[in-house]
Every structure is written in structure tokens, then in C-alpha cells.
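*Asks:*
In the numbering used here, the protein residues as written are 57 to 203.
1) Tell me, please, which residues DSSP counts as bridged to residue 167.
2) Would you decide whether residue 80 is buried or exposed? Buried here means 16 or more other CB atoms lie within 10 Å of its CB.
3) Short of 6 Å in beta carbon distance, which residues of its chain neighbour residue 157, apart from the five on each side in sequence? Order them along the chain.
4) Does the beta-carbon distance from residue 122 to residue 191 come in below 9 Å?
5) Enumerate in chain order the residues of its own chain whose CB-to-CB distance from residue 72 is below 7 Å, with the five nearest sequence positions on each side excluded.
6) Verify whether the separation of the beta carbon atoms of residue 103 and residue 135 is less than 9 Å.
7) Could you tell me whether the Cβ atoms of residue 155 and residue 181 are closer together than 9 Å?
8) Reducing DSSP to helix, strand and coil, say where residue 98 ends up.
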């Protein structure tokens with residue numbers, strides 16, 4: 057998604073500010089402000105599209121009922137999963153995101169720790185990270201539920 061590239065570019069420009077001359081820093085700062093404006097405009101377009109499309113709006117309301125899912129995460133999830141019916145199982149959805157387990161082993165001698173495969177879309181995986189952390193904080197009996 058283009059918005060992720062703009063945000064990444066803004067971060068790069070912010071990192072360039074340190075250690076530059078005042079004249080160059082002013083130009084970089086103007087570019088950062090331009091990129092921030094672009095991000096806001098794109099977010100407004102996305103939110104307007106979701107509000108004006110009944111199907112997307114209904115799906116956004118369902119996503120809003122999930123603890124930790126906010127407007128930005130809703131937009132990202134809807135962008136990737138607006139037509140979620142194309143997946144025939146939850147395993148396919150998990151693999152698409154790249155959260156499926158990847159087992160590390162070599163014959164019978166090496167058995168490593170399983171980790172997520174990360175073969176899916178990294179932007180989508182990143183979008184799920186903060187809501188997951190937020191949900192962990194708000195689940196009262198997390199240890200009873202998950203551990």
C-alpha cells in the first residue's frame with residue numbers, strides 16, 4: 057500500500073534531520089510536513105471510501121467490535137481482506153498473513169524452535185501487532201485463557 061511507503065519515507069527523512077546543516081534541515085522539514093499532509097489526505101480518502109461503501113462499512117463495524125482494533129487497522133484489514141470469501145479456510149488466511157508456524161528440523165538430529173513463517177504480507181502482520189499488544193493488556197485473565 058502506498059501509505060506505508062509514504063510513512064517509511066517520512067521516517068527516513070526524519071532520521072536525516074540529525075546532523076545536517078540548517079539550510080538542508082529546513083528543506084527536509086518542509087518535505088516531512090508535505091509527507092504528513094499526504095498521509096492525512098490518503099487516510100481521509102480511505103475513511104470516506106469505507107463510510108460510503110455499505111459492505112465495507114458493515115465489515116468495519118464488525119472489526120471495531122474486536123478489542124484493540126482501531127480505524128487504521130480496520131482500513132488495512134479491509135484493504136487486504138475485503139473479499140475474504142476467496143479463502144476456503146482459516147489456515148489459508150493465517151498463511152496469507154504469514155503467522156503460520158515454521159518448524160525447524162533437520163532429519164532426526166536437529167529440532168529447533170518453531171517460529172512464524174513470515175512468508176505473508178509484512179504490512180498486514182505489522183498491522184496486527186499493536187492491536188494484539190493492546191488486547192493482551194486488556195484481557196483480565198490472560199494467563200488462564202492463553203497459557
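Idealized CB from N, CA, C, for every residue including glycine.
As the structure is a computational prediction, the values presented were derived from the model and not from experiment.
*Replies:* Result, derived from the coordinates:
1) Residue 167 is bridged to 161.
2) Residue 80 is exposed by the Cβ-count criterion.
3) Apart from the 5 residues on each side of it in sequence, residue 157 sits with its Cβ closer than 6 Å to the Cβ of 170 in its chain, given in chain order.
4) Taking 9 Å as the Cβ cut-off, residue 122 and residue 191 qualify as a contacting pair.
5) Excluding residues up to 5 positions away in sequence, 84 lie with their Cβ nearer than 7 Å to the Cβ of residue 72 in the same chain.
6) Residue 103 is not a Cβ neighbour of residue 135, given a cutoff of 9 Å.
7) Yes; because the gap between Cβ atoms is below 9 Å, this pair is in contact.
8) Judged by DSSP in its simplified three-state form, residue 98 adopts helix.
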